[in-house]
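S.K.: Take 69 as the starting number for the sequence shown in this note's numbering and just add one per residue.
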Amino acid sequence: MRRDLGVFILSACATFAQPPARLVTLDIAATGAHGQAVPDLRSSDIQLSDNKKTQSIVYWHSNQRRPEVPRATVVVFSLENAGIKSAAWNQAIGAMRRFEISEYLYFYVVTNSGALLPVHALPKPEADSPPVNLPWMAQTLPQFESASHLYPPPRKSNVVSYSPYMEFAARLAAFPGRKNLVCIGCLLSNPGWWDQDTKPASAAQVARAAELRRLAGAFHQARVAVYPVDGLAKPRYLASEVGETADLIRLDHIDALAAVTGGRAYAHGEIEQAIAQAVSDARSSYRIAYLPSPENWDGKVHQIRVVSTRSGVHVLAPTWYVADLLEDVARKWKPTIPDFAISSPFDQSDIAVSVAPPEKTANAFRIQVRVDAADLLLLPKDGHSSGSLALQAICYTPEGRKLACTEPLHVDLDLSDRQRETAMRGGLRFPMDLPAGEVPARIRVVVCDLNSGATGSSTFVVQEAH
């Protein structure tokens, strides 16, 4: 049956995928009564509504299935409200020491002039291999602290630039799964800044609102949850209090980016709690999606409510988003392999992908790609299960150059009940021929589910494959 299924898949490869119905995808986290991770949540434990309309979950992926996947947390500390070696600084350093080895932890400082300085920087997206997670604080921190006199003078403008945080979103997209950005004294915004329709509004106000929404969209696309911590010494809101009564548009200035990205907001003095909880949330995160009706895409703000029916379980999820207009949804859709999956030093983990050792043929290398069908979104259609995939093989030369060994291969799936059952047990298999010539040092096979947007990849060293 597996052989027949493989023949069936190949016969569909020439068909170009059509734009799928638009899904709303969310990264959520589940915690218990004391903030502990809940790793065994199921889709049946969730109730979800969009603008008070109940929605059915059509896609569910638990990040706990692959515990070896790196979990990234970026901590950003603003010097505008607290200096180096202050109580707040020491809280942040103490909290990070707990996770220096177990997590992929990165640290930046925002100076009084608004400059963003790396203490322990994120890896470059084009890095040839994943960074080794080694201790860094004992060596790096003293050097950074001793150079504090070199920091730029205080800024004279109150205008906040969000460009560095857009770069964070781009870099963090390379990491698989849900990521965290803990911002101590930064990424705070006045409630009115988010509303593009406030009248009268200056051109600068409209531009700032658009920039904030673009930033929120970039974080959503990169799957980054923001954990802002109030930088002022006078407590204003506790983490347990924000988000319960806040108005959807005019969000509290601490909670704004937390609410739209599915993070948490914290008061001054809760730095250790913020970092520890962000790390814990990443350990019990899930990727879910629902399929609203076409009328959903109206260009307006939509309120999302995600709750668990299990006693004592709290779900952390985005509380609102802006639904594009339907014509914009169709125009923006692009059936392609995402760039970050090609350039990232990490393999993507939403779809389990494995590759058999390459076999030399007369004019090519042949590899066998196995895809875990349980990780795909297969939608019912005319009594069958319908899916849409894109696959591509990327070759890396010994010098680190990336070459497209194959063009993106688009596959439409139309599985009978029997074929679906077989695929769920043994996976879907795709033979791919790589051109003969320069022998690559490494090969990465990327698989993208065009229905759900999920991506998986597998990278292997050619020499070790023989």
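Don't be surprised by glycine CBs; every beta carbon is placed ideally from N, CA and C.
Between which two residues does the beta strand (DSSP E) harbouring G245 extend?
M.R.: Annotation: G245 is outside any beta strand (DSSP E) and is labelled neither H nor E by DSSP.
S.K.: Suppose you measure from the CA of L483 to the CA of H452; what does that come to, to the nearest Å?
M.R.: About 5 Å.
S.K.: In the DSSP assignment, find the unbroken alpha helix (DSSP H) run with S348 in it and report its ends.
M.R.: I339 to A350
S.K.: From what residue to what residue does the alpha helix (DSSP H) around H288 run?
M.R.: A271 to A290
S.K.: Is the shortest distance between the beta-carbon of L256 and the beta-carbons of chain B less than 7 Å?
M.R.: Given the protein chain composition of this structure (a single chain), no chain B is represented.
S.K.: Ends of the beta strand (DSSP E) at P503?
M.R.: L496 to P503
S.K.: Considering only residues of the same chain and omitting the five flanking positions on each side of Q371, which have a CB-CB separation below 7 Å?
M.R.: N119, L316, T387 and W388
S.K.: What's the call for H102, buried or exposed, on a 16-neighbour Cβ count within 10 Å?
M.R.: exposed
S.K.: Hey, how far is the Cα of E363 from the Cα of Q211?
M.R.: 56 Å
S.K.: Output the boundary residues of the alpha helix (DSSP H) element that contains Y233.
M.R.: S231 to L240
S.K.: Among the candidates S231, Q207, R165 and L444, whose CA atom is the shortest distance from the CA of S550?
M.R.: Here the chain covers residues 69 to 534 and nothing more, so residue 550 does not appear.
S.K.: Going by alpha carbons, who is nearest to A150 out of V513, L447, H336 and F498?
M.R.: H336
S.K.: Return yes when the Cβ of A458 is within less than 7 Å of the Cβ of R139, no when it is not.
M.R.: no
S.K.: When the Cα atoms are used, what is the spatial distance from P296 to P232?
M.R.: 16 Å
S.K.: Evaluate the contact criterion for the stretch 280-290 versus the stretch 236-250: three or more CB pairs, one atom per stretch, below 8 Å.
M.R.: yes
S.K.: Output the boundary residues of the alpha helix (DSSP H) element that contains D480.
M.R.: Per DSSP, D480 belongs to no alpha helix (DSSP H); it is in the beta strand (DSSP E), L477 to L483.
S.K.: In angstroms with no decimal places, state the Cα-to-Cα distance between I114 and L94.
M.R.: 13 Å
S.K.: Report the partner residues of T122 according to the DSSP bridge assignment.
M.R.: S117
S.K.: According to DSSP, what are the bridge partners of D450?
M.R.: Per DSSP, none; premise fails for D450.
S.K.: Which same chain residues end up closer than 6 Å to L91 when comparing Cβ atoms and leaving out the 5 residues on each side of it in sequence?
M.R.: A357 and L359
S.K.: I322 to Y334, Cα distance in whole Å?
M.R.: One C-alpha to the other measures close to 8 Å.
S.K.: Here's the rule I'm using: 16 or more other beta-carbon atoms within 10 Å means buried, otherwise exposed. How should V294 be labelled?
M.R.: By the 16-neighbour rule on beta-carbons within 10 angstroms, V294 is buried.
S.K.: Taking a contact to mean a Cβ-Cβ separation below 7 Å, would you say A156 touches I339 in this structure?
M.R.: yes
S.K.: I'd like to check one pair, L496 with V439: are the Cβ atoms closer than 7 Å?
M.R.: In contact: V439 and L496 (Cβ atoms closer than 7 Å).
S.K.: My assumption, with CB atoms under 8 Å, is that S422 sits in contact with S526. Please give the rounded CB distance.
M.R.: That belief holds up - the Cβ atoms of S422 and S526 are roughly 6 Å apart, short of 8 Å.
S.K.: Tell me whether A335 sits in a helix, a strand or coil according to DSSP, three-state version.
M.R.: Correct three-state label for A335: coil.
S.K.: Which runs of the alpha helix (DSSP H) spanning at least 4 residues fall entirely within the stretch 369-428, listed in chain order?
M.R.: 394-400 and 407-411
S.K.: Answer with buried or exposed for A206, where buried requires no fewer than 16 other C-beta atoms within 10 angstroms of its C-beta.
M.R.: exposed
S.K.: Quick one: Cα of Q273 to Cα of L256, how far?
M.R.: 16 Å
S.K.: Between the C-alpha atoms of S124 and A385, what's the straight-line distance to the nearest angstrom?
M.R.: 16 Å
S.K.: Is it the case that the Cβ atoms of Q341 and I405 are separated by a distance below 7 Å?
M.R.: no
S.K.: Any idea if K121 is buried or exposed, counting beta-carbon neighbours within 10 angstroms, 16 or more meaning buried?
M.R.: exposed
S.K.: Within a Cβ cutoff of 6 Å, which residues of the same chain sit near L306, ignoring the five residues on either side of it in sequence?
M.R.: In this predicted model, L306 has a pLDDT of only 45, less than 50, meaning its place in the structure is not dependable enough to derive any value.
S.K.: Under 7 Å between the Cβ atoms of V529 and R510?
M.R.: Yes. Within cutoff.
S.K.: Assign P503 to buried or exposed, taking buried as 16 or more other Cβ atoms, counted over all protein chains shown, within 10 Å of its Cβ.
M.R.: Classified as exposed, P503 has fewer than 16 neighbouring CB atoms from the shown chains inside 10 Å of its CB.
S.K.: Out of Y230, I161 and T141, state which residue places its alpha-carbon closest to the alpha-carbon of K247.
M.R.: T141
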